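One rule links them: number in my numbering = place in the sequence shown (from 1) + 170. Ideal Cβ placement from N, Cα and C applies to all residues, glycine included. Computed from a predicted structure; not experimentally measured. Report on the structure given below.
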Amino acid sequence: MGKALAILGLLLIIVGILPLILPMVGFGEYAAYFFLGMYTLPIAGYDFSELMLILMGVGFLLLVIGALK
171 MGKALAILGL LLIIVGILPL ILPMVGFGEY AAYFFLGMYT LPIAGYDFSE LMLILMGVGF
231 LLLVIGALK
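Here is the structure:
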């Protein structure tokens with residue numbers, strides 16, 4: 171069960187970072203779905219939307235919980 175939580179956490183982190191990678195590969199129109207327009211936090215020159223922050227936060231929590239079990 172712990173390994174599954176850790177893998178799910180890694181997948182959520184990857185999906186959370188995906189909108190930063192998509193415009194670099196030419197799929198910028200898909201990254202627009204991650205920006206709902208409610209909240210944006212600029213970190214290191216990149217705009218992290220609320221959905222991206224939630225996905226990475228929950229993914230990190232699941233990764234830590236899965237690693238400790």
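Per DSSP, residue 211 is one residue of the beta strand (DSSP E) stretching across 210-213. In this structure, residue 200 and residue 206 do not form a Cβ contact; the two beta carbons are roughly 14 Å apart against a cut-off of 8 Å.
The beta carbons of residue 204 and residue 226 sit no closer together than 7 Å.
Closest in alpha carbon position to residue 215, among 190, 198 and 238, is 190. Under the three-state reduction of DSSP output, residue 197 falls in the coil class, being neither helix nor strand.
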